[in-house]
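Last residue of the sequence shown: 508 (this note's numbering), numbering continuous. Built from N, CA and C at the ideal position, the CB exists for glycine as well. In what follows, a single structure is set out as structure tokens and then discussed.
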Amino acid sequence: MRVAVIGAGISGLACAFRLAERGADVAVFDRASRTGGVIASAARNGFLFEFGPQSFQTTAALKDLIRAAGLAEECDRAPARSPRYVYAAGRLRPVPMGPQILVAGSLLGLGARLRLWRDLAGDSRPPDREESLAEFVRRKFGSEVLDRLAGPFVSGIYAGDPERLGLRDTFPDLYRWEKEDRSVLRGAMKAMRARKDKDAGKPRPSFLALRRGNASLLDALSAKLGDRVHLGASVESVSRSDASSQAGFQLAVTSSAGAETFCADSVVIAAPADSAARMLSGLAPSAAERLASIEYAPVAVVGTGYRREQVRRSLEGFGFLVARGESRKLLGTVWMSSLFPGRAPEGQVNLASFVGGATDPATTELPEEEIAAIVERELAEILEIRGAATERSVWVHRRALPQYNIGHRARIAEVRAELQRIPDLHLVGNYLDGPSTGVCVETAFLAADLILAQKPEVSVGATL
Ligand SMILES: Cc1cc2nc3c(=O)[nH]c(=O)nc-3n(C[C@H](O)[C@H](O)[C@H](O)COP(=O)(O)OP(=O)(O)OC[C@H]3O[C@@H](n4cnc5c(N)ncnc54)[C@H](O)[C@@H]3O)c2cc1C
Numbered sequence: 045m046r047v048a049v050i051g052a053g054i055s056g057l058a059c060a061f062r063l064a065e066r067g068a069d070v071a072v073f074d075r076a077s078r079t080g081g082v083i084a085s086a087a088r089n090g091f092l093f094e095f096g097p098q099s100f101q102t103t104a105a106l107k108d109l110i111r112a113a114g115l116a117e118e119c120d121r122a123p124a125r126s127p128r129y130v131y132a133a134g135r136l137r138p139v140p141m142g143p144q145i146l147v148a149g150s151l152l153g154l155g156a157r158l159r160l161w162r163d164l165a166g167d168s169r170p171p172d173r174e175e176s177l178a179e180f181v182r183r184k185f186g187s188e189v190l191d192r193l194a195g196p197f198v199s200g201i202y203a204g205d206p207e208r209l210g211l212r213d214t215f216p217d218l219y220r221w222e223k224e225d226r227s228v229l230r231g232a233m234k235a236m237r238a239r240k241d242k243d244a245g246k247p248r249p250s251f252l253a254l255r256r257g258n259a260s261l262l263d264a265l266s267a268k269l270g271d272r273v274h275l276g277a278s279v280e281s282v283s284r285s286d287a288s289s290q291a292g293f294q295l296a297v298t299s300s301a302g303a304e305t306f307c308a309d310s311v312v313i314a315a316p317a318d319s320a321a322r323m324l325s326g327l328a329p330s331a332a333e334r335l336a337s338i339e340y341a342p343v344a345v346v347g348t349g350y351r352r353e354q355v356r357r358s359l360e361g362f363g364f365l366v367a368r369g370e371s372r373k374l375l376g377t378v379w380m381s382s383l384f385p386g387r388a389p390e391g392q393v394n395l396a397s398f399v400g401g402a403t404d405p406a407t408t409e410l411p412e413e414e415i416a417a418i419v420e421r422e423l424a425e426i427l428e429i430r431g432a433a434t435e436r437s438v439w440v441h442r443r444a445l446p447q448y449n450i451g452h453r454a455r456i457a458e459v460r461a462e463l464q465r466i467p468d469l470h471l472v473g474n475y476l477d478g479p480s481t482g483v484c485v486e487t488a489f490l491a492a493d494l495i496l497a498q499k500p501e502v503s504v505g506a507t508l
């Protein structure tokens, strides 16, 4: 059995690796000249910069993949309970952890805290219509919680606009807790207790990063897949080999060698939604139309280095996010050298900053030097930095993250329902079940396992 995997980001490589490991004949195509998709790392003058995810929250699937890639010994874990900050009303304010939010800290005023208490003691129900995340937070907790907590938090995950992100599309648990427990906080506390019991004795989930850069995971997978990976090979369309039959696919592939056709028994599309839409416009036109309507937000990632003594503010912690309405371009900054070793030369610090997102796409269109200058200016003010950065590096993702706007999950359910009539065609990627790397790997493994289960002729045994 031949499986074509289109896209060599984490979703495509995780799926291809699992298939190849279990005996399938796999070919991976990516239009870029490198693997990794949005995951990219670069070593520069003693700094190690990440331009995609700075770290991953561990899931069982991601841990398995890292182990199978031979990198288990190369994982560094961020210190547990590193303090996080929100920049609001001109200064960094610690984010109280867990139930502390009800009583402590300067992030939320008394009015906002009273709204939290009112939810804890109260009885509310979600409205029948779909709410945006902003509508939900404003209705339940008021604008301060939206501006200082929920807004910055979603810009950290989705680079999204809370006025457009759907509550049920992004945080379905919040909706469920209000619906079932009549209080978001009571529901959250119940879920926390249940998780505590379930996870008793297990290590706390933590954030990890790979010592030689997160892209080293993709490099290791790609090396194991060897000449099964074809770079600079853009898939233009996926069609049936024989229009009248329900078996076999034909991929139209363009590369520097020209246009070629590749035949496969199964196809996994691990490219972003807009690319998937173009490939499927002939085979599944209405699914393609829905996929094409998924919006992506652009993000620019700026890695900067400073000598430690240039920075007056303590950098103990994870980093900070910026509250809504602060008139800042920065979405947030991760203090990478405070979390992981080997990110900066001795005596220097490495800060990873993000600008753009769905609420400010225009900033990502500026020349890279201007983006770097904006970030340095704002970092200097917020972290009290004197003098210029000793190192800087900018990476612009034009289509960084899919937006789980209102109706997104319903649209994905329709796409999946439609594609069920095309057996052996699978979608994987960050626009389906969640944007995090760990979830992408889970979705990729599920697709691989489905293919392996449906094709008994695949020999099950390690072939990598
Ligand atoms: C700035 C940023 C920060 C992030 N931070 C975190 C974080 O802290 N934690 C976390 O867990 N996740 C984070 N994420 C999310 C996570 O990194 C992504 O969701 C995940 O890496 C997406 O992987 P993917 O393989 O699904 O897609 P992609 O990485 O987009 O890969 C898709 C691949 O398909 C290829 N392709 C497209 N069209 C074609 C075609 N026609 N033919 C062939 N190939 C094609 C592309 O070249 C690309 O390589 C972040 C993402 C970004 C951008």
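- In this structure, the beta-carbon distance from Glu174 to Arg212 falls below 8 angstroms.
- Considering only Gly166, Thr102 and Glu117, the residue with the shortest C-alpha distance to Ala124 is Thr102.
- Check the Cα spacing between Asp167 and each of Val139, Ala52 and Arg230: the tightest is with Arg230.
- Between the beta-carbon of Gly401 and that of Gly96 there is about 15 angstroms, and that puts the pair past the 8 angstroms contact cut.
- Considering only Pro446, Ser397 and Ser278, the residue with the shortest C-alpha distance to Ala433 is Ser397.
- Shortest Cα-Cα distance from Phe93 to any of Thr79, Phe489 and Arg387 involves Arg387.
- Within the stretch 437-489, complete beta strand (DSSP E) segments of at least 3 residues are found at 469-471, given in chain order.
- Annotation: Thr403 is outside any alpha helix (DSSP H) and is labelled neither H nor E by DSSP.
- Asp74: not part of any alpha helix (DSSP H); member of the beta strand (DSSP E) spanning Asp69 to Asp74, first to last residue.
- For Thr103, there is no enclosing beta strand (DSSP E), since its DSSP letter is neither H nor E.
- Counting C-beta pairs with one atom in each stretch, the stretch 470-478 and the stretch 305-323 have three or more that are closer than 8 angstroms, which means they touch.
- Each residue's CA atom was taken as its position, placing Leu261 and Gln294 some 30 angstroms apart.
- By DSSP's assignment, Pro138 forms a beta bridge with Tyr129.
- A direct Cα-to-Cα measurement between Arg128 and Gly51 gives close to 34 angstroms.
- The alpha-carbon of Arg430 is positioned some 27 angstroms away from that of Ala122.
- Listed in chain order, the alpha helix (DSSP H) runs fully inside the stretch 307-361 are 317-323 and 329-336, counting runs of at least 4 residues.
- Per DSSP, reduced to three states, the secondary structure at Ile145 is helical.
- Judged by the Cβ position, Phe364 fails to qualify as a neighbour of ligand 1 at the 7 angstroms threshold, every heavy atom of the ligand being at least this far.
- Between Ser199 and Leu395, the CB-CB gap reaches or exceeds 8 angstroms.
- Ranked by Cα distance from Ile450, the options Phe180, Asp69, Ser55 and Asn89 are led by Phe180.
- Under the three-state reduction of DSSP output, Gln498 falls in the helix class.
- The DSSP-derived three-state label of Ile429 is strand.
- Taking Glu304 as the centre and dropping the five residues before and after it, the same chain places the C-beta of Val297 closer than 7 angstroms to its C-beta, in chain order.
- From the listed residues Leu423, Ile415 and Val343, the smallest Cα separation to Arg357 is found for Leu423.
- No residue range can be given for Phe95, since it is assigned to no alpha helix (DSSP H) and is classified by DSSP as neither H nor E.
- Cβ neighbours of Leu383 within its own chain (closer than 6 angstroms, five residues either side excluded): Ala122.
- Of Asn89, Arg62, Arg75 and Val147, the smallest CA-CA separation from Tyr350 is found for Asn89.
- The residues Trp221, in chain order, have a CB closer than 7 angstroms to that of Ala232 in the same chain once the five nearest residues on each side in sequence are set aside.
- A residue is called buried when at least 16 other Cβ atoms come within 10 angstroms of its Cβ; Pro411 does not meet this threshold and is exposed.
- About 20 angstroms separates the Cβ atoms of Leu359 and Val399, ruling out a contact at the 8 angstroms cut-off.
- Pairing Ser480 with Pro206, the inter-Cα distance amounts to about 18 angstroms.
- Taking a cut-off of 8 angstroms on C-beta distances, the stretch 262-270 touches the stretch 102-122, as three or more cross pairs fall below it.
- Its Cα nearest to that of His441, the residue Pro405 stands out among Gly257, Pro405 and Phe362.
- Beta-bridge partners of Ile50 (DSSP): Phe73 and Ile313.
- Assigned with DSSP and collapsed to three states, Glu175 falls in coil, not helix or strand.
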